[in-house]
Each structure stands twice: as structure tokens, then as C-alpha cells.
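If you count by my numbering, then the sequence shown holds residues 8 to 848, one letter each, in order.
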Amino acid sequence: MRITMLFFLYRRRLRAHPVQELLAGAGITVGVALVFGVLLANASLTSSVERLVHGLSGSARLTLMARSPAGFSEQLTGTVRRLPGVQIATPVLRQNMTIAGPGGRQAIQLVGVSSSLASLGGIAQQELGNGALLLSGGVGLPSGLASTIGARRGSEVSLTGNGRTHSAPVGAVITGEAVKALEGCPVAVALLPVAQHLVERPGRITELLIEPGPGRQALVANELRRLARGRLDVEPANRELALLAQATKPNRQSTTLFSAISLMVGFLLALNAMLLTVPERRRFIAELRMQGYEPRQILVLLAFQAISLGLVASLLGVALGALLSRTVYHQVPDYLTVAFPISAEQSLPFSAVLLALGCGVLATMLASLSPVFDLRPKRPADAVFRETAGSGELVLVSTVVRAAAAGVALIALVGMAVTVVPALTILGGVILAIATLCLIPGVLAVMVRLLPRFAERSRSGTVVVAMSELRAITSRSIALAAIAGLAVYGSVAIGGARDDLLRGIETATAQYHGTAAIWVTAGNDVFNTNGFAVDGRPAKIARIPGVRSVRVYQGGLIDIGTRRLWVRARPSADPMFESSQLVSGSFKRADALIRDGGWAAVSSGFAAEHALKVGSSFALPTPSGPVRTRVAAITTNSGWPAGTITLSSAAYGRWWRTTEAAALEVDMRPGADALAETLAIRRALGSQGSLSVQTRAQSAAEADASARQGLRTLSQISTLVLVAAALAIAAALSATVWQRRERLASLKIQGYSVSQLWRGLLLESGLMLGVGSAVGALVGVYGHALAAHWLMITTGFPAPFSIGVAQVILTLALVTVIALAVIALPGLAAARVSPNMSLRE
Numbered sequence: 008m009r010i011t012m013l014f015f016l017y018r019r020r021l022r023a024h025p026v027q028e029l030l031a032g033a034g035i036t037v038g039v040a041l042v043f044g045v046l047l048a049n050a051s052l053t054s055s056v057e058r059l060v061h062g063l064s065g066s067a068r069l070t071l072m073a074r075s076p077a078g079f080s081e082q083l084t085g086t087v088r089r090l091p092g093v094q095i096a097t098p099v100l101r102q103n104m105t106i107a108g109p110g111g112r113q114a115i116q117l118v119g120v121s122s123s124l125a126s127l128g129g130i131a132q133q134e135l136g137n138g139a140l141l142l143s144g145g146v147g148l149p150s151g152l153a154s155t156i157g158a159r160r161g162s163e164v165s166l167t168g169n170g171r172t173h174s175a176p177v178g179a180v181i182t183g184e185a186v187k188a189l190e191g192c193p194v195a196v197a198l199l200p201v202a203q204h205l206v207e208r209p210g211r212i213t214e215l216l217i218e219p220g221p222g223r224q225a226l227v228a229n230e231l232r233r234l235a236r237g238r239l240d241v242e243p244a245n246r247e248l249a250l251l252a253q254a255t256k257p258n259r260q261s262t263t264l265f266s267a268i269s270l271m272v273g274f275l276l277a278l279n280a281m282l283l284t285v286p287e288r289r290r291f292i293a294e295l296r297m298q299g300y301e302p303r304q305i306l307v308l309l310a311f312q313a314i315s316l317g318l319v320a321s322l323l324g325v326a327l328g329a330l331l332s333r334t335v336y337h338q339v340p341d342y343l344t345v346a347f348p349i350s351a352e353q354s355l356p357f358s359a360v361l362l363a364l365g366c367g368v369l370a371t372m373l374a375s376l377s378p379v380f381d382l383r384p385k386r387p388a389d390a391v392f393r394e395t396a397g398s399g400e401l402v403l404v405s406t407v408v409r410a411a412a413a414g415v416a417l418i419a420l421v422g423m424a425v426t427v428v429p430a431l432t433i434l435g436g437v438i439l440a441i442a443t444l445c446l447i448p449g450v451l452a453v454m455v456r457l458l459p460r461f462a463e464r465s466r467s468g469t470v471v472v473a474m475s476e477l478r479a480i481t482s483r484s485i486a487l488a489a490i491a492g493l494a495v496y497g498s499v500a501i502g503g504a505r506d507d508l509l510r511g512i513e514t515a516t517a518q519y520h521g522t523a524a525i526w527v528t529a530g531n532d533v534f535n536t537n538g539f540a541v542d543g544r545p546a547k548i549a550r551i552p553g554v555r556s557v558r559v560y561q562g563g564l565i566d567i568g569t570r571r572l573w574v575r576a577r578p579s580a581d582p583m584f585e586s587s588q589l590v591s592g593s594f595k596r597a598d599a600l601i602r603d604g605g606w607a608a609v610s611s612g613f614a615a616e617h618a619l620k621v622g623s624s625f626a627l628p629t630p631s632g633p634v635r636t637r638v639a640a641i642t643t644n645s646g647w648p649a650g651t652i653t654l655s656s657a658a659y660g661r662w663w664r665t666t667e668a669a670a671l672e673v674d675m676r677p678g679a680d681a682l683a684e685t686l687a688i689r690r691a692l693g694s695q696g697s698l699s700v701q702t703r704a705q706s707a708a709e710a711d712a713s714a715r716q717g718l719r720t721l722s723q724i725s726t727l728v729l730v731a732a733a734l735a736i737a738a739a740l741s742a743t744v745w746q747r748r749e750r751l752a753s754l755k756i757q758g759y760s761v762s763q764l765w766r767g768l769l770l771e772s773g774l775m776l777g778v779g780s781a782v783g784a785l786v787g788v789y790g791h792a793l794a795a796h797w798l799m800i801t802t803g804f805p806a807p808f809s810i811g812v813a814q815v816i817l818t819l820a821l822v823t824v825i826a827l828a829v830i831a832l833p834g835l836a837a838a839r840v841s842p843n844m845s846l847r848e
């Protein structure tokens, strides 16, 4: 068949049914938008850190790293440079700080470097080697960060860290080729002496970047380990990337599960949008056959139509998905910026574009299979005109029964498979979306059987109008109910598991901050990992009349293997850890063991990785050397993705050789007002007011906000499913109303009024959507339970399952309101159709 003939026939199809084709395309666009938006939402967060690590390390292959922010002596640099096989060794100091300029504030990582860094290449050759930054004596800021805080070269900025605030000039705004390595990274670069002054750690560094000679890497690594004597880490220069990958793994696992569910929902939404046009397509094919067109010609035409519609609608869907994604997926969780120099950015992977386009085209191709069966040799050309009922294609009772049986079997199979192999939960979530589709025809069939009995008791014209379409199960009624069912299933499964995560983390947060009435911290650090010098601050606070006691809480981050773990060190007056987060062991016994020293509580992910059980021992790397520690209890990760280790403050101070505090816990005397005492503490700290002073409620709220931010992607995926479903429902209902005009005209001739026809349309749509929503809600709760269980055992997050009745009701209400709002005006317009249109039947 020639191309011109294909265009002619397709144009003929469009002229005959322009609205149906447009609405089908709109449905596909929405489905593809959901697919593409979710793919972008699940994009990697690590690219900005990769650029920074490679930009700073250049040709370095090894790094000698400190195990605490206190670092180690800069004098070790000379010793390392003299080791056989070492070509280059350059010192680096890295410290978390807050930078403030005329236009705002931002948490950053200050990176102190020396001129020898230029020998390793990377951004140093481009920005340090030309002397612009080296001679400035200030800090260098990437142009994006400078713009955010309103700074420019020569202006003054303040940097707060280690409990102190210092001012420094902006020596350079990094632009050009160099900024590409720092783009998306909240960092400031300074010469090493300047950085040491700003963080008040003279003569200290946190790592050495080392380039061994050719073939000498193993030799140099062994020499470095001998030199470190178990007190420093010898690792590959790009170790930061492995640590970040582990820290983001729980987020990737959770979003992968929900993305898989959403991808299937999006694909099925597109497929159902096409199914709404199947009856018209079958009649169009029948007309072509009766006009003498051969089956081969019709097959080519169907493929041409499917690919053309699929590509155009999918391209629009990719554009819409990108727009949605860029407006909702735009921020990196604060908790990651505590440990890594990471910020929000979004790439547009070509593979995601291809996958989204493929889903749209595949949906149109699959929806074209039904008309293909009409091309069987012995099938009469006009058979379709004797099979259709109303505006939909009849579905046989045997098909409905088989689909229902398949749906029940799939649900049972998923439950058994996930119980045995939890890793199959992602696949199970996808299969449950298919099971939702399978169950909907059966529930519709039951409703169709019950409605005539109700109609017999009611003489309302509204009921009769609604029954005119619901006399039998049609492909259109199934497709319409399926759109609502898929939307509710995806939203309930995703939203329910997200609420479980939030509830578990909020419980942990409330217990964590519940040990003190007021918290004094380094600020911008919800996990209290940034230390600061005590410097008599507890004594100043204790002299305030309303203060009863002040305790020093310690902690930080430590790298073990590929995990950057949160180390928590409680003072003896506190419970050692949160009882609600206990996974294995006795809380009372574990609390006593940790308090006595030599024992620790570890999170479940770390314990599983190292095959640890309660009573097991493991080597804990500390700045004073490896320490054999026994496991007193196994807990959740308490909201920190990589996991936690909980010690007593006494053990931490001894092993980390530090008196620095990560926070001060303040208790009040009876009758004292928390807000008033907070203001008094701020006044007492005076010039040391760079510390944050918050009530228990304020600290917990800040931590909860960070947790919610970390789970924002899950919330946005759930919202995107509902938004996509709303648009799909709009397209589907509009198509249904448009296709019902001729039947409504015939009812009008029989004496039905406009109001009766309009209410009948609303009732019919409400019943179909209600069936789909009910099935979707039931299967969604089942999927929610499986997802919550999987998240707990794979990510270590606290996610206790609980049926979110309010969330289910809200989702159902939203779908109902959307449906009624969408159908109201088009339905009223259709109800006013001229009776003369019935003559076209």
C-alpha cells in the first residue's frame, strides 16, 4: 500500500471521528507523561558529587582520610611524600559550614587546598593554577552559589562552623570550564591556611590525595596503612562515590518500587485510553472490508495509525512529563547535604525518553490487536455491527469469569512469592496493577446484575438513562472503570507506604528529641553530626535561673566499608537509644550494656551486611584505632539511610579523643517557660550565638521536615499518579459523553428531559468509576502492606504497617470529585443534543 493511500485513509478516519482520536491521543499523552515524569524522578542524585570528586582528585588514585572532623597533622604530608612510589601527595581540609551573603544563606562544604593540588589536574589546573584564587586570600565560590547568596568577587561573606562565625572576602567567582566540575555542588574553595583559620583547626587536614607512580599503587597503599597504624583510612580517591551510593540506596530502592508501580499504571492508562476507541475502529475496519480492501492493506493501515498516533501523543507526553517533573522534583533532601556536597539537578537521559516513547507506541499497538481479530478469513465483514451494544464493545461472560479468576490467582501468587523472596516485591507491585484490571470486569458484572432489580423498584428516568449503557459489560465501561481503579491503586499503595515511613520516622524523632526540653546545636544539622567546641558553654547556660541541668551530647559520621554511618553518643542520664526503633534484643538490657561501655546498638542494614546478631562483636574503626565492640541491640536506621551506631558518650569521647559536643541538652526547672528559656540561652551565648537554640518541639519539627523532604519524591509520585489519572479520566469521560450523543438523542425522542439525561450520565459515570475505585482501593491496601514490609527489611527505615483509612477515603473522594467536575459541563452539553441526531444511527 502506498504512503499516499495510508495518509488518505487515516485522514478519512480523522474526519469521521476527530474527537475520539483526539481524546485517545490525550489519554496516551497523560499516560506517557506519568511514565516519563516518574523516570526523571528516579534519576540519579550522584552526578554533581561525581564531578566534584573527579574535579578535585584529578589523577590521584589513593586517599589517606581522617575518621573525624578533627583530622590529623598537616606535617604527615611530608612523610607521605617521601614514601617510595609516591609521586604527588597534596593535603585537603573539608568541613561542613554555613555561608551567608547579602542575598541569603546556604549549607556548604568548605574545601581547603594547597597549590600542589594543581599537579593532579582537574579544576585545580584551571582555577588554582592561574593564580586568581591562590593570590586572593579569600574563598572561591561557584557562580551558582555566589548568585544564590548574592555575593560577588571582593564582597564579604560570613562562614559559620565549629560553633564560630568568621568573615572572609570572596576571592574568586569560579566560572567557565571549571564551574562545570562544581556545578550543582554547594562548596567553597580556599587556600589551606585560610580554611584552617575559618574552621579554627590550625595545622590540621582531613585527607591526603595521593598519586602513586605507574604500577606502584598496591605498594603505596601498603605503606600508607603501615603509616596510618589503624587510626586513618586508606581508600581509593573516589571512595566518596561509593559512600554516596550506599547512602542513597534506600531512597533508590523505595522510589524504584513506587516508580515500577507508577510506570505500569501510566502504561495501562495509555492502553485504556486507546481501548475507548476500539468500537469505532472495528466499525471503520468493517466498512473498509465491505469496500473491498484486503486484510494485508488493513493491517498496514492499523499499524500506521497506531504508530502515528502513538508517536505524536508520546512526544507530547514526554514534554508534559518533563514539565511536571521539573516543577515538582527539584530538591535534594537536607539530610544528604549534611554528609555530602550534593544539590538538586536533573538530567534528561535519552534512555528514559526512548522508554516513555516505547510505552506510548506499545499501548497503541496492543489496543489495535482487538480489531485485527475481525480480519479472520471466515468472519463476516459486517459481524461487528451485530455484536456491539450501545457505544461499547460487548465482553463475553466467559472472558469476565476468566479475568476475575486470573486476578485472584495473581494476587495470591504475588503474596506467596513476596513472602518467600522479598526482592520480588517490585515485580509484585507491577503485577498487582494488572490484577486490578482483571478484577474490574467481574465486579462490573455483579453490578450489572444487581442494577435491573433496583431499576424495577425505581421509576426514575435518571436510573433508566444510566441503565441504557450499563445493560451489559462493554470494553468502554471496563476501560473507564479501569482508569479510576489504576489511579486509586497507585495512590493508595504508594501513599500508604509513604505514610508508614513518615509515621515511623516521626516516632523515632519524637523519642530522640524527647530527652531534653531545649537543644543547642551547630544549626542546619538535623542529625547533630557537626561538632563544636564546648568552651564553657554548659556552665554559662547552667547559670540561667530556669535551667536545671545541661548535658553534652556527642556524635558524628564515620565511614565503615561503603557506609557513612551516623554515630550517636548519649550522656549517661539519657536513654541510650529509642525504644520504638528496637528490631532485635531487649531494650532494658541493651540500654544498660551500652551505658557501661564496650557495647553498641547497630542498625539492621549494617548488621545484615556484616552478619551481626545480638552478642556478636565487630571491629569499630575509630581515630584512636580499631576497637572491638559487641552488639547490644539491633535497631532501625532511625531515618539516616546508611545506618546508625549508638554508643555511650563516655566511650565516644575516649575512642574519638574529643571533648567536642554535637549538641547540648538542656532541662528546665518545674514551671519554667521553654520559649523564655530559649531566649535567655541565646543571650547567655552572646557572641557565640552562631549556635542554634531550639525547643524540643522546634527541633523535632525541623527533623520531621527533613524526613518529609527526603520522602518528597514518594509523595510527588503519588500526586503525579492522581494528576495523570485526573487528566485521563477527563479525556475518557469526555470521549464517552461525545460518543453517547446519538443514543441520548434517541432517548430524548422518547420523552426524557435534559435534566434526566444529565443526571443519568452523572449516575452512570459515578457507578463505573465507583466500581473501579473500590477495586483499586482494596488491591492498593494489599500492595501497601507488601511495600511497607519490603521497605522495612531492605532499607532499614522504620515503616510499621497501618491501614490509612483517611488516606484511602481522601483518594476515593478526590477521584469522585474529579469525575463529577469533569463530566458536569460536557454532560450537560451532550444532554442538550438535538433529537434529530438519532436519525444518524
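Ideal Cβ positions, reconstructed from N, Cα and C, are used throughout, including at glycine.
- Within the same chain, and ignoring the five residues on either side of A691 in sequence, the residues whose Cβ sits closer than 8 Å to its Cβ are K547, I548, R550, I551.
- Under the three-state reduction of DSSP output, N103 falls in the strand class.
- In the DSSP assignment, T172 falls within the beta strand (DSSP E) that extends over 171-181.
- Pairwise C-beta distances place the segment 356-371 in contact with the segment 319-329, as three or more of them are shorter than 8 Å.
- D603 counts as exposed, since fewer than 16 other beta carbons sit within 10 angstroms of its beta carbon.
- Note that the C-beta distance between F808 and D507 is below 7 Å.
- Rounded to whole angstroms, the Cβ separation of L793 and G435 is 6 Å, and the two are in contact under 8 Å.
- For I736, same chain residues with a beta-carbon under 7 Å away, outside a window of 5 residues either side, are I490, A491, I825, A826, V829 in chain order.
- Its Cα nearest to that of A626, the residue R238 stands out among Y300, G317, T801, R238.
- Contact between A67 and V146 fails: their C-beta atoms lie close to 23 Å from each other, not under 8 Å.
- Nearest neighbour of R558 by Cα position, chosen from D711, T528, A158, turns out to be T528.
- With distances taken between CA atoms, V621 lies nearest to S593 out of Y659, Y496, S593.
- Between the alpha carbons of V761 and T426 lies a gap of roughly 55 Å.
- Judged by their CB atoms, V227 and V368 are not nearer to each other than the 7 Å cut-off.
- By a beta-carbon distance limit of 8 Å, Y789 does not contact I433. Their separation comes to about 15 Å.
- Contact between V541 and A668 holds: CB atoms are separated by about 5 Å, below the 8 Å threshold.
- T801 sits in a helix when the DSSP states are folded into three classes.
- For R88, the CB contacts under 6 Å within the same chain, skipping 5 residues up- and downstream, are A96 in chain order.
- Around the beta carbon of F357, fewer than 16 other beta carbons sit within 10 angstroms, so the residue counts as exposed.
- Considering only T70, G78, R289, L117, the residue with the shortest C-alpha distance to P387 is R289.
- At a Cβ-Cβ threshold of 7 Å, I652 and S611 do not count as neighbours.
- Short of 8 Å from the beta carbon of I305, and not among the five residues preceding or following it, lie these beta carbons of its own chain, in chain order: I292, L295, R296, L382.
- The alpha-carbon separation between V634 and R74 amounts to approximately 13 Å.
- According to DSSP, residue pairing for M675 in a beta bridge involves V554.
- In this structure the segment 814-824 lies against the segment 777-789, because at least three pairs of beta carbons, one per stretch, are closer than 8 Å.
- When secondary structure is reduced to three states using DSSP, Q113 falls in the strand class.
- Here DSSP, grouped into helix, strand and coil, assigns I756 to helix.
- For a cut-off of 8 Å, the C-beta gap from G111 to L698 is around 20 Å, too long to register as a contact.
- Excluding residues up to 5 positions away in sequence, I447, V450, L451, M454, A488 lie with their Cβ nearer than 7 Å to the Cβ of V778 in the same chain.
- Distance check between L376 and each of A411, L768, L309 places L309 closest, using alpha-carbon atoms only.
- In this structure K595 is exposed. Its beta-carbon is surrounded by fewer than 16 other beta-carbon atoms within 10 angstroms.
- When rounded, the separation of the alpha-carbon atoms in L199 and V590 is 45 Å.
- The residue among A838, L729, V700 with its C-alpha nearest the C-alpha of E749 is A838.
- Here DSSP, grouped into helix, strand and coil, assigns G324 to helix.
- Ranking Q298, A524, E214 by CA distance to the CA of S64 puts E214 first.
- Nearest to T665 by C-alpha distance, out of A107, Y560, V60, is Y560.
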